[in-house]
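Trainee:
There are 6 protein chains.
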Amino acid sequence: MRASFLATDSTIRKDSRGTPYLSLKLVDRTGSVDARMWGKLPEEFLHEPPSPAYVDVEGHTHEYRGTLQVKLDRLRLLRPEDVSEEDYLPASELDRRALSAELESAGRELENEHLRALFEKMASDEDFWTTFCEAPAAKTMHHARIGGLLEHSVNCLRIARMLAELYPVDRDLLVFGAIFHDVGKVRELSWDKGAFAYTTEGRLLGHVVLGERLVASYVATLPEFPEELRLRLAHVLISHQGETEYGSPERPKTLEALLIHLVDNLDARAAMYIETTKNVSPGGWSHHENPLGRALFVPEES
Amino acid sequence: MRASFLATDSTIRKDSRGTPYLSLKLVDRTGSVDARMWGKLPEEFLHEPPSPAYVDVEGHTHEYRGTLQVKLDRLRLLRPEDVSEEDYLPASELDRRALSAELESAGRELENEHLRALFEKMASDEDFWTTFCEAPAAKTMHHARIGGLLEHSVNCLRIARMLAELYPVDRDLLVFGAIFHDVGKVRELSWDKGAFAYTTEGRLLGHVVLGERLVASYVATLPEFPEELRLRLAHVLISHQGETEYGSPERPKTLEALLIHLVDNLDARAAMYIETTKNVSPGGWSHHENPLGRALFVPEES
Amino acid sequence: MRASFLATDSTIRKDSRGTPYLSLKLVDRTGSVDARMWGKLPEEFLHEPPSPAYVDVEGHTHEYRGTLQVKLDRLRLLRPEDVSEEDYLPASELDRRALSAELESAGRELENEHLRALFEKMASDEDFWTTFCEAPAAKTMHHARIGGLLEHSVNCLRIARMLAELYPVDRDLLVFGAIFHDVGKVRELSWDKGAFAYTTEGRLLGHVVLGERLVASYVATLPEFPEELRLRLAHVLISHQGETEYGSPERPKTLEALLIHLVDNLDARAAMYIETTKNVSPGGWSHHENPLGRALFVPEES
Amino acid sequence: MRASFLATDSTIRKDSRGTPYLSLKLVDRTGSVDARMWGKLPEEFLHEPPSPAYVDVEGHTHEYRGTLQVKLDRLRLLRPEDVSEEDYLPASELDRRALSAELESAGRELENEHLRALFEKMASDEDFWTTFCEAPAAKTMHHARIGGLLEHSVNCLRIARMLAELYPVDRDLLVFGAIFHDVGKVRELSWDKGAFAYTTEGRLLGHVVLGERLVASYVATLPEFPEELRLRLAHVLISHQGETEYGSPERPKTLEALLIHLVDNLDARAAMYIETTKNVSPGGWSHHENPLGRALFVPEES
Amino acid sequence: MRASFLATDSTIRKDSRGTPYLSLKLVDRTGSVDARMWGKLPEEFLHEPPSPAYVDVEGHTHEYRGTLQVKLDRLRLLRPEDVSEEDYLPASELDRRALSAELESAGRELENEHLRALFEKMASDEDFWTTFCEAPAAKTMHHARIGGLLEHSVNCLRIARMLAELYPVDRDLLVFGAIFHDVGKVRELSWDKGAFAYTTEGRLLGHVVLGERLVASYVATLPEFPEELRLRLAHVLISHQGETEYGSPERPKTLEALLIHLVDNLDARAAMYIETTKNVSPGGWSHHENPLGRALFVPEES
Amino acid sequence: MRASFLATDSTIRKDSRGTPYLSLKLVDRTGSVDARMWGKLPEEFLHEPPSPAYVDVEGHTHEYRGTLQVKLDRLRLLRPEDVSEEDYLPASELDRRALSAELESAGRELENEHLRALFEKMASDEDFWTTFCEAPAAKTMHHARIGGLLEHSVNCLRIARMLAELYPVDRDLLVFGAIFHDVGKVRELSWDKGAFAYTTEGRLLGHVVLGERLVASYVATLPEFPEELRLRLAHVLISHQGETEYGSPERPKTLEALLIHLVDNLDARAAMYIETTKNVSPGGWSHHENPLGRALFVPEES
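Protein chains in written order, with our numbering: chain Z, 1 to 302; chain A, 303 to 604; chain U, 605 to 906; chain X, 907 to 1208; chain S, 1209 to 1510; chain F, 1511 to 1812.
1. Quick one: what does DSSP say T332 (chain A) is sitting in, helix, strand or coil?
2. From the beta carbon of T1485 (chain S), is the nearest beta carbon of chain A less than 9 Å away?
3. Using C-beta distances below 7 Å, list every residue in its chain close to P1460 (chain S), excluding the 5 sequence neighbours before and after it, in chain order.
4. Could you tell me which of Z:P168, Z:S51, Z:T30, Z:P20 sits nearest to F1555 (chain F), measuring between CA atoms?
5. Would you check if the distance between the CB atom of V659 (chain U) and the CB atom of L679 (chain U) is smaller than 9 Å?
6. Just to check my reading of the structure: A164 (chain Z) and R171 (chain Z) have Cβ atoms closer than 8 Å, yes? What is that Cβ distance to the nearest angstrom?
7. Note down, in chain order, every chain A residue with its Cβ under 9 Å from the Cβ of E250 (chain Z).
8. Using a Cβ cut-off of 9 Å, which residues of the stretch 529 to 550 of chain A contact any Cβ in chain Z, in chain order?
9. Measure the alpha-carbon distance for D1088 (chain X) versus L1720 (chain F) and round it to whole angstroms.
10. Apply the 10 Å Cβ neighbour rule to D1173 (chain X) and answer buried if 16 or more other Cβ atoms are within range, or exposed otherwise.
11. With 16 other CB atoms within 10 Å as the buried threshold, where does K1118 (chain X) fall?
12. Go ahead and label W1097 (chain X) buried or exposed: buried means 16 or more other beta carbons lie within 10 angstroms of its beta carbon, across all protein chains shown.
13. Cβ of R489 (chain A) within 9 Å of Cβ of V477 (chain A)?
14. Can you list, in chain order, the residues of its chain whose CB lies under 8 Å from that of V1377 (chain S), leaving out five sequence neighbours each side?
15. Between the C-alpha atoms of H595 (chain A) and G549 (chain A), what's the straight-line distance to the nearest angstrom?
16. For the beta strand (DSSP E) holding G663 (chain U), just list the boundary residues, first then last.
17. Taking C-alpha atoms, which residue in U:S655, U:G663, U:F609 lies nearest to D686 (chain U)?
18. Please classify H1849 (chain F): is it buried, with 16 or more other beta-carbons within 10 angstroms of its beta-carbon, or exposed?
19. Mind pulling the chain U residues with CB within less than 8 Å of L379 (chain A)?
20. Output needed for R360 (chain Z): all residues of its chain with C-beta closer than 6 Å, excluding positions within five of it in sequence on either side, in chain order.
21. For E1040 (chain X) and chain A, any beta-carbon pair shorter than 9 Å?
22. Give the DSSP-derived three-state secondary structure of Y771 (chain U) in the structure shown.
23. When Cβ atoms are compared, which residues of the stretch 39 to 68 of chain Z fall closer than 8 Å to chain S?
24. Please return the same chain residues whose Cβ sits closer than 6 Å to the Cβ of A271 (chain Z), not counting the five positions on each side in sequence.
25. For the stretch 748 to 758 of chain U against the stretch 699 to 708 of chain U, are there 3 or more C-beta pairs whose distance is under 8 Å?
26. Going by beta carbon distance, what residues of the same chain come within less than 7 Å of L1307 (chain S), once the five residues before and after it are set aside?
27. Report the rounded CA-to-CA distance for G449 (chain A) versus D427 (chain A), giving the unit in angstroms.
28. Which chain S residues are close to T200 (chain Z), counting only those with a beta carbon under 9 Å from its beta carbon?
29. Does DSSP put K1695 (chain F) in a helix, a strand or coil?
30. Rounding to the nearest angstrom, what Cα-Cα distance links V517 (chain A) and D1519 (chain F) in this structure?
31. Is it true that the CB of F1807 (chain F) sits closer than 9 Å to the CB of H1624 (chain F)?
32. In this structure, does DSSP put V154 (chain Z) in helix, strand or coil?
33. How many whole angstroms separate the CB atoms of S885 (chain U) and L676 (chain U), which I take to be in contact at a CB cut-off of 8 Å?
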């Protein structure tokens, strides 16, 4: 293995025999992995290693207590001006163009003419659509990567479509809500300075209100949009957190709103499991500190 | 005492000697009082008395276990078509014109030109202003009366003005927020059919979101309104419930938002005490079932 | 409309003009509906009407404040010995044979030989299988009807199958868990005496422990069943309530357990909405008192 | 069975055949039991039966759905002036003189001279000691009977003595605290008007503060009482509810305070079980509505 | 800038270029500020810097990510024996003599003779009054500075006076409670050894009980003090935390007690905002870790 | 003092004069103690000291801020291969053979022949019984030592015996439950690799379910075991955590189950106090971070 990374959490420790070694985390677009380096360390890492720092490394991966780890043979500090920060932001590994096309096709197939017109307004607003396909779904909890919101929206869409066949629901509103329930994230979060962060309006108003406002601004351009549909759509957007303590000013009171909340929660929690156990090897357990708040098990066999 | 009321909770009971009597509650604009009637009851009240029903009564008040009560001598059923429903909705006992003038004067004295212009837009929208001065502040919890929102807003204004002298706060934003933090109630509640009720949009979106939207619609007519002020004002409106579990999608994060929440809460709780103990006589205790969830004491002396 | 029902909650009330009427609820296999009767009541209903009681009625349905209601023209008391109690227990309206066949086909298609063998053991135990296809899914919360557990299991199976295509999951364990996560209900509940009730072992041990024990008793007959699979399966069963406060001694720690919990919850909540709003007409609101704990809206259009 | 009782909760119901009957609860010093009366009712009970009312009855007990019940043959209303109210207040069935002697003997055997002197002060204050031996331990939750506080104190004393042999504890402080932790009940509650009730100072200050004050008033008469012991004793008294939400301003922070809280809780909960299941027959279940908040089981055999 | 401070949290870090620097916090009577030092560090700070330690520094302030910071040019360690510890305890910046006079004047103006006599007893007890004017209002949460309790009491007094004009309240009791609700802090906390700390009696009994006891000891010297007033005053003192989980054995049940709690809470929370954002520059956000538990915003303009 | 220990939490700090010293914790079978070393440190401890590490030390104990501490004069690193790991696992200081004999004698004295037979099955299964007498009662909370489960079971037995004389309880079931309520710990925890840890089945199923299963496997060998007793015993085992949020799928619903829960809780909390304050000297306070979540006081005198 030979590549460059953002090195974080670098510290010098000693092993049980008293030998000092460097412990650090290597981050790039594909995620992060723990690493260790014994032996001759570069001058800059001898005492208090710089952290975070861009580095160039050589090494090989192995398993330690059920989790993948990298043992470094060589480590070299890169200067910030020599790297391109966005290369080190985690990003979706899926084909974002294909995912975006899947959403667009779902939008074109909406039978309700008003929701279809609304979708078209939004998807054809190039600035918005580009941002929507690029945004992370969260700062840290799940899908915290470029394109993460897109991945989450596509998963929710797929589940929603299936549920529309099980329950007596307004299919078009369910599909529209599945795609755009988290749209306020495009304003709540920023991802342009080498890190995911909250914006000031994100912290003052939150993605629930910002998302409702954003969709309402497109609805305002459609004079024929029916009043009741506008209300039901706004309700889906503001209630999707499911409970007031999670930031929804009202709880879901229509079947579409209830299902959007449950689907959002389901995909978010599945992602938390998958992302937390990414480097855990079969038969092993993750750490306790993760968004699900408990150690997670990766079976030997499945 | 001789007057007409809305009679509610009418039931036939027997006293400790086995004598039957009618127990009921008499409601009109000034509030409600418990009543009892022994002896010859009108035919319609003999078995299952109609409830609610409009009635004409004669009787006299006395004290029973520390609470005022009316003993009826005469009771006559009125036909719904013979009464004017709005006469029986509880209403503020204060001079609503004076209260409204107090708000308008506070609005004219705002030093920030943008907030002053915004206030003028709102106060000069006659439909809105009339509704605002007429609305109850809640369905049941506190200030549940015609003009109740106005009373609550004036109290909050008075406290806010005083606090502006204690803390390093944006006085104009504090004053504006004190007046309008609950403005969404004008759309969340209805009071036109002889009772206070929730509207459908009130139940689907809630007064927090409806209030922010309503103010935003006036801000939208003021192109010079500064962006940061718009954001801070929206934050005051959506965070005034103080905690997410009480329906605010974000908690207060500016000093103005924090104080508005605390002032709103203070006046609401004081009103709960005052309204609950209205008919309790000195040295007595109220019932447990009231918005504060505990029996309340009315001292002998104070 | 002319039919026989179980009449519950019968009381005499008076309308706003003082005219007395009978208010009651009519229950049969298909659910329940509110009813009213004015005019000449049968002798037995004149003062304190018997409740519950089996009755024969004639009348017609209409809408009242957004909810369907029956206005009765005729009402006759039936003697308990003249009715067959099970005809009045709510029962699934779906074809239970088709649903059961859907489960059996899913069982036969399991690729994991051990889970397939386990399924066959269970489905071929005629006593068990008949009971499983007959049991309600709950006493009151959702799917409280004969065949309700079967309906719920089939819905969970359908959603689970779809999710197996989205997430890196052990498809067979997910399918098996979707079908049998609530199997303990067959021992927790009884439905043989004209009502759904908890059994003594249901109250002392609960369906979570009873279900795990029941499946374990079939696993014990399969000596080849792998130890880790046995453990993961037990984990799915005991953790499916999702949180300890809802009765799971451990929270889900594998992806299969997590998804089973989420799917169970999703179908249960959708059913609560659907069952609560069954008689609410378009544009109307349900009562607050229902398993979701909030008034629910039925849109005009969808 | 023939005796007089306080009859509460009297209502007329109809059985499944439509026959009306009287349902009521019979209360006296020994507790309460449900009763039913079919057939010819006294005039006063025909429509709305007086409740509560003193009655003279004849009848016989039998078991109904696992709970003892009385079927009345004869029922006669007594006039309040013909009964002695205190005869109908539930009272301890144990020998209060023996219990009181057990406490006094424990007090005399305290080895710590200061606590022994304090105990003597209190036990020799005749007004106080009589009241202490007469008070109920609560208004409704457990030991709600004349002498109930005494019973509870003796039980706590017995358990505390045993624990003093298991743990490295200040035996004398533990014994003293076991006896007097709930002493504030003598001022929080009143039992002189035919019912258990809260006093005004009981509602304003609570038994935790009142008990600490009461003991402190006796300590104040003992100038030699060591300062640290005074503090540790006050801590035991104010922390015995165990958690702030149950009304202790501080949680237990010494071993004696911790054990007093746990012993108090243990005896209170055991009493809740015993009192709730008093009339439940073997193999039966109690109602849900009781201080433990769950149906309780009485085994067949034990 | 040149001055001496208590330096805390000193650690050596490296910047993004790998250059080591010293990070520390400088504390004195006026509060605290973050500081950094690059370049030649004194010998004692080279490896593990002593912390806390008294230091003499030269440097200049600048803004970093929206928070004021000091860049040090020179740093010298002082020996503990060369400093006067109390100079480094944070202290009120207001004129404590003027604040104390404001309280005394309010006390003299009480119309109720008993409360006025009580106030005079307390204010003329020189030891007590000096301590009261010197005490901090808390160890860390708000007003954690010499004279902090005085500042908080004066603020509460000012708000209480204003509220006495809005609500039908016993003005004198409200004023007295506003001044002395937190008086127990003088025994709960100590501030004589260079730091704010809890006393043993503070941890065992808490300021709620200690405050009530302290006032009661002065009331005991006034034989004419009316019983009901004594009870209402004790209630104000023990209930001022507002909820049992915050350490009040009873919740407020009189209007005075309710308002004292709300005023106490309002001033405490306003102080938390003000103290947390002291060094945050306009347009910036505070850290999350502060008594309000959320990042706080300081607007650009206000 | 001269002995070998497991040294944990080793770090280099500087005192208030800037002198560096080593701070560490010394652990062996008898518990743990804080230690400090000034002056000449061994080479391996100069910069980042190895931690945990086995060490040989000389020094003497003294008191620091109310807690015992060791000041080291000499410190030498031991190689892992030169120590026997189990010597450093904390272990009960009591005579485990005597404790085990006490349980066995209690088992032989059970009057219920089925419970006595069950006890004999379990106590005569040598593998099981050895493990049961060796297991810790928890990983960290209380009795976290070899033989800790045995100590806890004996304490619970002693309290249960005493309670059987106070309450109308099935003495044999109470005694049996007191001994074996926590038996699932033998599978939930492991203690064979130099540390206490959770097993995989412990984390997936928990000691509540594992204990019930384990006892059920012995019951299964006793064909005469009565069905109701089997159910009541299973209920005691699964409900002993007392509340669902602490991991019991059902709450206690029999008197035996209720008492077992209360006794378990009582002994666990007493142990938390005793273990937390082990090294605190008279008049001192423990740290806040302990299983009871509050600082604990050790009186001067008792």
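Note that the Cβ used here is the ideal one computed from N, Cα and C, for glycine as well.
Mentor: On the basis of the data shown:
1. Residue mapping note: residue 332 (chain A) aligns to position 30 of the second sequence, counting from 1. DSSP, reduced to helix, strand and coil, places T332 (chain A) outside both helices and strands of the structure shown, so it counts as coil.
2. On the fifth sequence, residue 1485 (chain S) is found 277 positions in, with the first residue counted as 1. Chain A contact via Cβ: present.
3. Taking the fifth sequence and counting its residues from 1, the one referred to as residue 1460 (chain S) is at position 252. If we look at P1460 (chain S) and ignore the five residues flanking it on each side, its Cβ neighbours are S1447, G1450, L1466, H1469.
4. As a position in the sixth sequence, residue 1555 (chain F) is number 45, starting the count at 1. Of the candidates Z:P168, Z:S51, Z:T30, Z:P20, the one whose C-alpha sits nearest the C-alpha of F1555 (chain F) is Z:P20.
5. For the purposes of this step, residue 659 (chain U) is taken as the residue at position 55 of the third sequence. For the purposes of this step, residue 679 (chain U) is taken as the residue at position 75 of the third sequence. V659 (chain U) places its beta carbon less than 9 Å from that of L679 (chain U).
6. Against the first sequence, residue 164 (chain Z) aligns to sequence position 164. Against the first sequence, residue 171 (chain Z) aligns to sequence position 171. Rounded to the nearest angstrom, the Cβ distance from A164 (chain Z) to R171 (chain Z) is 4 Å, consistent with a contact under 8 Å.
7. Here residue 250 (chain Z) is taken as the residue at index 250 of the first sequence, counted from 1. What E250 (chain Z) touches in chain A, judged by beta-carbon distance under 9 Å, is R505, L506, L507, G508, V510, V511, G549, going in chain order.
8. Considering only beta carbons, the part of the stretch 529 to 550 of chain A lying closer than 9 Å to chain Z consists of E530, L533, R534, A536, H537, I540, S541, Q543, E545, T546, E547, Y548, G549, S550, in chain order.
9. For this step, residue 1088 (chain X) is matched to residue 182 along the fourth sequence. For this step, residue 1720 (chain F) is matched to residue 210 along the sixth sequence. Roughly 40 Å separates the two Cα atoms.
10. Mapped onto the fourth sequence, residue 1173 (chain X) falls at position 267. Flag for D1173 (chain X) reads buried.
11. In the fourth sequence, residue 1118 (chain X) corresponds to position 212, counting from 1. A small correction: the amino acid at residue 1118 (chain X) is Glu; Lys does not occupy that position in the sequence shown. Classified as buried, E1118 (chain X) has 16 or more neighbouring CB atoms from the shown chains inside 10 Å of its CB.
12. Position 191 of the fourth sequence, counted from the start, is the residue given in the question as residue 1097 (chain X). Taking a 10 Å sphere around the C-beta of W1097 (chain X), we find 16 or more other C-beta atoms and assign the residue as buried.
13. Here residue 489 (chain A) refers to the residue found at position 187 when the second sequence is read from its first residue. Here residue 477 (chain A) refers to the residue found at position 175 when the second sequence is read from its first residue. Result no, Cβ atoms of R489 (chain A) and V477 (chain A) do not sit closer than 9 Å.
14. Locating residue 1377 (chain S) in the fifth sequence gives position 169, where the first residue counts as 1. Taken in chain order, the residues that qualify are L1371, L1463, E1464, L1467.
15. If you number the second sequence from 1, residue 595 (chain A) lands on position 293. If you number the second sequence from 1, residue 549 (chain A) lands on position 247. The amino acid at residue 595 (chain A) is misidentified as His; the sequence shows Gly. Whole-angstrom Cα-Cα distance: 20 Å.
16. The residue labelled residue 663 (chain U) in the question sits at position 59 within the third sequence. 657 to 668 is the span of the beta strand (DSSP E), which, as asked, contains G663 (chain U).
17. Stepping through the third sequence from its first residue, residue 686 (chain U) is reached at position 82. Out of U:S655, U:G663, U:F609, U:F609 has the C-alpha closest to the C-alpha of D686 (chain U).
18. Not covered by the structure: residue 1849 (chain F). The range shown for chain F is 1511 to 1812.
19. Here residue 379 (chain A) refers to the residue found at position 77 when the second sequence is read from its first residue. Within chain U, the residues near L379 (chain A) are G622.
20. No information on residue 360 (chain Z) is available, as it lies outside the stretch 1 to 302 that chain Z covers here.
21. To locate residue 1040 (chain X), count along the fourth sequence from 1; it is residue 134. For E1040 (chain X), the closest Cβ of chain A is not nearer than 9 Å.
22. Counting from 1 along the third sequence, the entry for residue 771 (chain U) is found at position 167. If DSSP states are grouped into helix, strand and coil, Y771 (chain U) belongs with coil.
23. For the stretch 39 to 68 of chain Z, the beta-carbon criterion of a distance under 8 Å to any beta-carbon of chain S is satisfied by E44, H47, E48, P49, P50, S51, P52, A53.
24. As a working mapping, residue 271 (chain Z) is identified with position 271 in the first sequence. The answer, listed in chain order, is H142, H143.
25. The stretch 748 to 758 of chain U is in contact with the stretch 699 to 708 of chain U.
26. Position 99 of the fifth sequence, counting from 1, holds the residue named residue 1307 (chain S). Hits under 7 Å: L1358, E1359, V1362.
27. Within the second sequence, the letter at position 147 stands for residue 449 (chain A). Within the second sequence, the letter at position 125 stands for residue 427 (chain A). Per the coordinates, the alpha-carbon of G449 (chain A) lies some 18 Å from the alpha-carbon of D427 (chain A).
28. As a first step, residue 200 (chain Z) must be located in the first sequence, where it is residue number 200. In chain order: G1491, W1493, F1505.
29. Translated into the one-based positions of the sixth sequence, residue 1695 (chain F) becomes position 185. DSSP places K1695 (chain F) within a helical segment (H, G or I) once states are collapsed to three.
30. Taking the second sequence and counting its residues from 1, one reaches residue 517 (chain A) at position 215. Taking the sixth sequence and counting its residues from 1, one reaches residue 1519 (chain F) at position 9. If you take the alpha carbons of V517 (chain A) and D1519 (chain F), they lie about 58 Å apart.
31. As a working note, residue 1624 (chain F) is residue 114 in the sixth sequence. As a working note, residue 1807 (chain F) is residue 297 in the sixth sequence. No; because the gap between Cβ atoms is not below 9 Å, this pair is not in contact.
32. Start at 1 with the first residue of the first sequence, and residue 154 (chain Z) comes out as number 154. The three-state secondary structure of V154 (chain Z), taken from DSSP, is helix.
33. As a first step, residue 885 (chain U) must be located in the third sequence, where it is residue number 281. As a first step, residue 676 (chain U) must be located in the third sequence, where it is residue number 72. The C-beta distance from S885 (chain U) to L676 (chain U) rounds to 20 Å, too long to fall under 8 Å, and the pair is not in contact.
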